[in-house]
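Asker: I have a structure here, written as structure tokens, and I will follow up with some questions on it.
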Amino acid sequence: MQSTDAQQNKQTTLQISGMTCAACANRIEKGLSKMEGITDANVNFALEKASVIYNPDKVSILG
């Protein structure tokens, strides 16, 4: 059974441009993961995308 917080979480994919190396992707992923309301973040350097699981009550994803 999932907790109430897990049920409120949403997932989105963000386009990220300007990364020049895998270290850039790693740095962005770590920064996202430290933000309040972000449960999980995965940045793919080759695809220039970030997959983010977040709580919309704590953080807003602007598009």
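Residue numbers for the sequence shown follow numbering that gives the first Met the number 0, so the first one is 0 and each next one is one higher. Yeah, the Cβ is synthetic: ideal placement off N, Cα and C, and Gly gets one too. Remember, predicted model here, so these are calculated numbers, not experimental data.
#1: One question on the structure: do isoleucine 52 and asparagine 8 come within less than 8 Å of each other, judged by their Cβ atoms?
#2: Could you name the residues that DSSP lists as bridge partners for alanine 45?
#3: Apart from the five residues just before and just after alanine 21, which ones in its own chain have a Cβ nearer than 7 Å to its Cβ?
#4: Serine 16 to glycine 36, Cα distance in whole Å?
#5: With burial defined as no fewer than 16 other Cβ atoms inside 10 Å of the residue's Cβ, what is the status of leucine 31: buried or exposed?
Answerer: Taking the geometry as given:
#1: In the sequence shown, residue 52 corresponds to position 53, counting from 1. In the sequence shown, residue 8 corresponds to position 9, counting from 1. Going by C-beta atoms, isoleucine 52 is nearer than 8 Å to asparagine 8.
#2: Here residue 45 is taken as the residue at index 46 of the sequence shown, counted from 1. Note: alanine 45 sits in no beta bridge, so no partner.
#3: Counting from 1 along the sequence shown, the entry for residue 21 is found at position 22. Here the set comprises Phe44.
#4: For the purposes of this step, residue 16 is taken as residue 17 along the sequence shown, with counting starting at 1. For the purposes of this step, residue 36 is taken as residue 37 along the sequence shown, with counting starting at 1. Whole-angstrom Cα-Cα distance: 23 Å.
#5: By one-based count along the sequence shown, residue 31 stands at place 32. Buried, by the Cβ-count rule.
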